[in-house]
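Those protein sequences? They're chains A and B, same order as listed.
Mapped onto our numbering, the consecutive letters of the first sequence carry residue numbers 28 to 231.
Mapped onto our numbering, the consecutive letters of the second sequence carry residue numbers 28 to 231.
Using N, Cα and C, we set each Cβ at its ideal position, and we do this for glycine too.
In what follows, a single structure is set out as structure tokens and then discussed.
Number of protein chains: 2
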Amino acid sequence: MNELKKDNTEEKILNAAQTVFIKKGLDGSRMQEIADHAGINKALLHYYFRTKQKLFEAIFKKVFKHVFPKIEMLVLSDLPIEEKLGTFIEKYIDVLLKNPYLPAFILKEMNRDPVFLASVMKSQGVHPEHILKMFEKEMEAGTISKMDPRDLMVNVLGFCIFPFAAKPLLNIMFFENDKKAYNNFLKKRKETVKKFILNSILIR
Amino acid sequence: MNELKKDNTEEKILNAAQTVFIKKGLDGSRMQEIADHAGINKALLHYYFRTKQKLFEAIFKKVFKHVFPKIEMLVLSDLPIEEKLGTFIEKYIDVLLKNPYLPAFILKEMNRDPVFLASVMKSQGVHPEHILKMFEKEMEAGTISKMDPRDLMVNVLGFCIFPFAAKPLLNIMFFENDKKAYNNFLKKRKETVKKFILNSILIR
DNA sequence: TCCCGGTTTAACCATCCGGTTAATCTTTTT
DNA sequence: AAAAAGATTAACCGGATGGTTAAACCGGGA
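Structure representation (structure tokens):
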């Protein structure tokens with residue numbers, strides 16, 4: 028039963044820690060609260076993950092994977108650029124719709140330790156160069172307007188991520204805190220963002 | 028000397044608190060650290076601002092004013108839409124260039140208390156309706172493409188704010204942590220963002 | 001059955017931290 | 001110059017918090 032039991036509690040801990048950390052951040056979270064949430068003793072947390080810091084880093088890595096989806100195939104495929112960008116935007120916003128709290132969490136905790144952040148990014152295999160190269164080729168081929176490819180990438184990411192990160196503010200500003208209306212707005216953005224971006228860069 | 032002294036220490040406290048809070052957030056900041064930073068006794072903090080919470084709220088309000096510039100005139104002016112949007116983008120990115128840490132701070136602490144956030148927004152006179160109306164009129168007049176005006180506004184804000192909020196990540200991704208290069212990138216965005224947006228929505 | 005390794009817990013510890021208090025120092029008022 | 005009012009400090013307090021320890025528990029093998 029050893030294996031099973033261990034996996035079970037470890038998973039319970041990870042789930043509880045994720046819930047609490049995402050909501051309250053590293054500083055705002057209490058080991059006791061995580062333990063309660065997992066239905067175990069506080070000492071058991073330290074038995075599995077020696078320190079709060081280590082537990083947090085495990086969660087951060089786990090969560091980080093979610094917000095950097097595997098887009099390599101998309102880049103390497105030979106679909107036309109508008110298809111590539113379109114499906115990326117759609118898929119990415121879908122991921123965020125399923126994990127709407129992740130952008131705020133990542134942005135919140137990003138500043139804590141740049142070295143750790145860099146190591147996580149490297150270990151996750153984030154390779155912006157491929158995408159930048161792809162954009163540059165399209166520009167040379169004359170399918171999209173010439174610009175700094177990093178600008179293009181920041182713009183696409185910003186369109187997808189920002190409305191999730193700034194949710195509370197935008198929700199008050201535009202929807203009087205009507206959660207459903209805001210969610211609807213986000214869903215529609217899969218199309219509007221696509222249109223907005225392609226309308227700007229596509230050369231017909 | 029009463030007035031002068033009081034103003035002086037109060038200002039010292041506010042400055043110190045702003046520095047520390049912006050860097051470490053509410054939970055990560057220590058009253059002692061703020062006191063040290065201001066060169067005063069910890070008890071004096073409580074003398075001026077009874078609790079940590081109250082001190083934090085004072086800072087949050089102060090900082091919030093900065094990121095919501097007075098754009099009413101711009102909206103009410105009868106410049107053509109491309110001028111209005113252009114100068115807004117330019118001015119806004121300029122504000123953020125002078126306070127590059129503010130977006131991350133606001134996004135970080137936004138979730139803490141939605142009610143307080145709403146009250147701050149109201150007290151700052153954030154009136155998105157004017158801007159939305161303005162956009163709608165332009166769409167009816169046929170000067171810009173028809174779309175949900177809220178999308179347009181989120182897009183403009185996202186373009187300006189996101190690259191500041193996600194600075195550490197983007198800086199590693201695109202510039203190998205070269206701060207100057209990244210700052211240069213942000214400066215250039217005043218033009219590229221303008222172009223990108225107008226290119227998408229303007230009807231010629 | 002008894003022991004042994006890994007798991008889980010209750011109790012504990014040292015430190016940190018927000019906040020208070022009472023005394024001191026400084027400025028203003030009379 | 002004395003007293004009153006205000007600003008500032010050192011010392012302290014109680015509770016919270018991350019982490020430790022030693023004992024109990026539990027399943028599997030001898």
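- Bridge pairing for A/Leu229: A/Ile171 [DSSP].
- Cα atoms of A/Phe95 and A/Met148: separation of roughly 9 Å, rounded to the nearest angstrom.
- Around B/Gly55, the beta-carbon contacts reaching into chain A at under 9 Å are Gly52, Leu53, Asp54, Gly55 and Arg139.
- Under the Cβ distance rule, B/Ser146 does not count among the residues neighbouring chain A, no pair being separated by less than 8 Å.
- By a beta-carbon distance limit of 8 Å, B/Ala192 contacts B/Ala131. Their separation comes to about 5 Å.
- Listed along the chain, the chain B residues whose CB falls inside 9 Å of the CB of A/Asp121 amount to none; the nearest CB is some 18 Å away.
- For B/Phe91, the uninterrupted alpha helix (DSSP H) segment begins and ends at Lys79 to Val94.
- Interface annotation, A/Val47: not in contact with chain B, CB-CB separation never under 8 Å.
- By the neighbour-count definition (other C-beta atoms within 10 Å, threshold 16), A/Tyr74 is an exposed residue.
- It is roughly 27 Å from the alpha-carbon of A/His64 to the alpha-carbon of A/Asn138.
- Here B/Thr46 is actually not in contact with B/Ile67; their C-beta atoms are around 14 Å apart, not less than 8 Å.
- For B/Leu41, same chain residues with a beta-carbon under 8 Å away, outside a window of 5 residues either side, are Ala85, Ile86 and Lys89 in chain order.
- For A/His64, the enclosing alpha helix (DSSP H) covers residues Met58 to Ala65.
- Setting aside the 5 residues that flank it on each side, B/Lys118 is surrounded in the same chain by Pro96, each with a C-beta closer than 7 Å to its C-beta; the list follows chain order.
- In terms of beta-carbon proximity, A/Val90 stays away from the interface with chain B, with every pair separated by 8 Å or more.
- Among the residues of the segment 211-222 of chain B, those with a Cβ less than 9 Å away from any Cβ of chain A are Phe212, Lys215, Arg216, Thr219, Val220 and Lys222, in the order of the chain.
- Contact check between the segment 145-163 of chain B and the segment 156-168 of chain A: fewer than three CB pairs, one atom from each, fall below 8 Å, which does not count as touching.
- Note on geometry: alpha-carbon atoms of A/Ser56 and B/Leu101 lie some 43 Å from one another.
- Among the CB atoms of chain B, none fall inside 8 Å of the CB of A/Arg231.
- For the pair B/Ala168 and B/Ile230, the Cα-to-Cα distance works out to about 10 Å.
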